[in-house]
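Chains Y and W, in that order, give the protein sequences.
When you read off a place in the first sequence, starting at 1, and then add 3, the result is the number in the numbering used here.
When you read off a place in the second sequence, starting at 1, and then add 3, the result is the number in the numbering used here.
Notes follow once the structure below has been shown.
2 protein chains.
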Amino acid sequence: MTRRGFLLSAGTTTGAFALGAGVGVAANAAVALRADTAVGAATVNFYGAHQAGIETPFQAHGVFLGFDLKRDTTHVMARRMMELLTDDAARLAQGDPALPDNDPYLAEKPARLTATFGFGPGFFTKLGLSSQIPAGFADLPAYRIDKLVPEYSGSDLVISIGSDDPLTLAHAVRQLTRTARSFSSIRWSQKGFVRSQGVAPATQTNRNLFGQVDGTINPAPGTEAFAGQVWAEGSPSWFAGGTQLVLRRIAMNLDTWDKLDEGGKEISVGRKLSNGAPLTGVHEFDAADMEAKNSAGLSVIPDFAHMRRARTDNPKEKFLRRPLNYDDGILLDGTSNSGLLFAAYMANIQTQYLPVQQRLVDLDLLNTWTTPIGSAVYALPPGCLPGGFIGEGLLS
Amino acid sequence: MTRRGFLLSAGTTTGAFALGAGVGVAANAAVALRADTAVGAATVNFYGAHQAGIETPFQAHGVFLGFDLKRDTTHVMARRMMELLTDDAARLAQGDPALPDNDPYLAEKPARLTATFGFGPGFFTKLGLSSQIPAGFADLPAYRIDKLVPEYSGSDLVISIGSDDPLTLAHAVRQLTRTARSFSSIRWSQKGFVRSQGVAPATQTNRNLFGQVDGTINPAPGTEAFAGQVWAEGSPSWFAGGTQLVLRRIAMNLDTWDKLDEGGKEISVGRKLSNGAPLTGVHEFDAADMEAKNSAGLSVIPDFAHMRRARTDNPKEKFLRRPLNYDDGILLDGTSNSGLLFAAYMANIQTQYLPVQQRLVDLDLLNTWTTPIGSAVYALPPGCLPGGFIGEGLLS
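Now the structure itself:
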């Protein structure tokens, strides 16, 4: 399909197709909203210096799968597992079925599918590779705010899969899980989402389930700042071009949060709910004035505000946030089982992440409504070229 | 935004925007895939002769919420509940916040949001309204194939919410749940999906997680056939323009299903996996030849094939299928917790649905890989006009 063809196709939508706010689609008309297939056909290149799915702009849907190596999985078998997983992921990213795949028709619409692989601390120790653990990579310390449950914590291997289509995603999860299960046992899966394609402008920062604009300070993909924060250099050498992932499952108490009014919500973060601007500014990307006082002489952005605690001018303490919302139904007490799959990527957990997390543990008003219930860390190898496999520098 | 504006907007996407199969988006480019906001701005009119969300073309995401009336909820309170829920739903469908809504910014992108309401058998009995139960409406009989669990079965009230955006949906679930919980207790929630907007052509029938094209025989919205199958006539009078919903949660064993090859999968249904055509035809909508034999003298569409068992020439046994896929992570044994939220709408469960279901219970090869684990029935009142409320004919 050519670009011109796409425009023509868009132009053939019926007159009932709502193109703007307030223009209603008749409830019972057989309206063709899915007038094009560009979302489904779009692909992300699997191969490259870095793994896909990290610098890739948010896909609408994502799943994190945690696996533990089986007791008898050797170094050679782990290598074989990563070769097979790489092959599956490269094929699925192009809209081709994995080998074998008895449901090939579910692979046809990649919708920017990516699969990204990472190794937990147990991967290194179980395989006798402790000497190859990247600099700064280790389990997080125990934090007093944490109420971790094993169902969402740790694992030897993580596969993070993203796509703009939930059916494609479900299929890819199944294919990659089948391959991984020959060498490992699945421990947990965690599913999340942001906005669907076509709902909000591409430049708009996501909102979380608290209604907050979330991700304003992220480095822009393709910039030096991004590379400096995210991609590791050569220590150890196999890890050059890789990154480290902190995955935290943060339960959000929407019931108590919604007892706050808009002003109460805003001071807990230090940003406006309407557009994410700092309380001292007007626009989302305005620099925050941490010295500003109100007429009563109090800080406009309070000491306890999340943004003051998380923020840093130290370039060595910055990192990429790529969180997904989760909403897994209803708990026994009738409240929603909702929150954030907080995924942060950085070259070095110890130097970049730990200082920020410690400040948030010490003081952050948002802790009132949030509880970390899962936590895990992974070393994500660099990308590979056709013929290679993810993790080849470690496992060859 | 005008239609012309939409096309111009689509035309401003960058050259890196993949418009066709096989054209890759560079993995690490900051590509604007969400080039327009038409999906988010689209609305479905809440008001009308029938409730929205039934004849509405599939939204990408849906949730069914089951509530039981509190012991002390009276007829007057049930009326008040439905007035408030109607008000919430009408506002949210336009992208306006419910009253009260402390997260109004999450309501801004309706993405064809609909909320549809239905009453279970307990709603009538608890409120002393048994004389108003619609013709043919009752709990399904116990079927030998069923392994029902209470967590997914029955309830006095159902709210079915659909939207093309998962964040909008999560927000609407929360708003409507908050209103309903003043009068009832939530019993379960079930979440499902089909393809995202823009993934497949609008005319394309959905696929389920077995990879099957599912829904070929549905009546087209807006036709006489649709109206005849779905909308009830006046018995009792309050129910004219309403419909009856059978909601079945059908677990699908993807592991054993995937042990079949393509031919094995096809004879279990009687249709081709590739495009849903009957095994005696070429195209999806070709009429099936139930008499056709192969060279060995056996039926091309076997006796045990799902389509032969479900199919009927009796117009009084047809109904609308509007199923969603569900994929709720991993069960303890490592298999996926997946299946179908089978939602069928018809004027009269007894005459239209029960004969078909009984045939499928008696013989259907698909039963080998599927297990109904939840079941519920609801009477869905007709729609209402501004100033009215859903259920007004019953509760006024």
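Where is the CB? At the ideal position from N, CA and C, for every residue including glycine.
| query | result |
| --- | --- |
| So with CB distances below 9 angstroms, who are the chain W contacts of residue 197/Y? | 169, 170 |
| Looking only at DSSP bridge pairs, what is residue 328/Y linked to? | 196/Y, 343/Y |
| Looking at residue 89/Y: is its Cβ nearer than 8 angstroms to the Cβ of residue 392/Y? | yes |
| Nearest to residue 121/W by CA position, among 154/W, 84/W, 103/W, is which residue? | 84/W |
| By alpha-carbon positions, which one of 137/Y, 61/Y, 313/Y ends up nearest to residue 220/Y? | 313/Y |
| Which residues of the segment 63-92 of chain Y have a Cβ closer than 9 angstroms to any Cβ of chain W? Give them in chain order. | 63, 64, 66, 68 |
| What is the DSSP secondary structure of residue 127/W, counted as helix, strand or coil? | helix |
| Nearest-angstrom Cα distance between residue 224/Y and residue 233/Y? | 10 angstroms |
| Thinking C-beta only, is residue 368/W closer than 8 angstroms to residue 349/W? | no |
| Any beta-carbon of chain Y closer than 8 angstroms to the one on residue 227/W? | no |
| Could you compute how far the alpha carbon of residue 276/W sits from the alpha carbon of residue 288/W? | 14 angstroms |
| Return the residues of the segment 347-381 of chain Y that lie within a Cβ-Cβ distance of less than 9 angstroms from chain W, sorted by chain order. | none |
| In the DSSP assignment, find the unbroken beta strand (DSSP E) run with residue 249/W in it and report its ends. | 246-255 |
| To the nearest angstrom, report how far apart residue 346/W and residue 149/W are at their CA atoms. | 16 angstroms |
| Whole alpha helix (DSSP H) runs in the segment 66-119 of chain W with 4 or more residues, listed along the chain? | 78-96 |
| Taking the alpha helix (DSSP H) that residue 305/W falls in, what are its first and last residues? | It is not in any alpha helix (DSSP H) - residue 305/W carries neither H nor E in the DSSP assignment. |
| Using a C-beta to C-beta distance shorter than 9 angstroms, which residues of chain Y count as neighbours of residue 263/W? | 105 |
| Below 7 angstroms CB to CB, which residues in the same chain sit around residue 359/W once its five sequence neighbours on both sides are set aside? | 313, 315, 320 |
| Could you name the residues of the same chain whose beta carbon sits closer than 6 angstroms to that of residue 405/Y, not counting the 5 residues immediately before and after it, in chain order? | Within the shown structure, residues of chain Y are numbered from 4 to 399, placing residue 405/Y beyond reach of any answer. |
| Does residue 321/W come within less than 8 angstroms of chain Y when only Cβ atoms are used? | no |
| Smallest Cα separation from residue 109/Y: which of 60/W, 216/W, 363/W? | 216/W |
| How would you list, in chain order, the residues of chain W whose beta-carbon sits under 9 angstroms from the beta-carbon of residue 191/Y? | 332, 333 |
| Measure the C-alpha to C-alpha separation of residue 231/Y and residue 374/W and round it to an integer number of angstroms. | 52 angstroms |
| How many angstroms separate the CA atom of residue 325/Y from the CA atom of residue 248/Y? | 10 angstroms |
| Kindly identify the DSSP beta-bridge partner or partners of residue 384/W. | Note: residue 384/W sits in no beta bridge, so no partner. |
| Using 8 angstroms for Cβ pairs, my map puts residue 273/Y next to residue 308/Y. What's the rounded Cβ distance? | 3 angstroms |
| Would a C-beta distance cut-off of 8 angstroms place residue 53/W and residue 385/W closer than the cut-off? | yes |
| If we cut at 8 angstroms on Cβ distances, does residue 194/W have a partner in chain Y? | yes |
| Closer than 7 angstroms, Cβ to any Cβ of chain Y: which residues of the segment 209-236 of chain W, in chain order? | 210, 212, 214, 223, 224, 225 |
| Measure the C-alpha to C-alpha separation of residue 351/Y and residue 136/Y and round it to an integer number of angstroms. | 11 angstroms |
| So that I know if they touch, is there some Cβ in chain W lying closer than 8 angstroms to that of residue 183/Y? | no |
| Residue 45/W to residue 169/Y, Cα distance in whole Å? | 20 angstroms |
| Taking DSSP's pairing of strands, which residues face residue 323/Y in a bridge? | 348/Y |
| Is residue 147/Y buried or exposed, if buried means 16 or more other CB atoms sit within 10 Å of its CB? | exposed |
| Under a three-way DSSP split, which group does residue 273/W fall into? | coil |
| Under 7 angstroms between beta-carbons, which chain W residues line up against residue 108/Y? List them in chain order, please. | 210, 214, 276, 277 |
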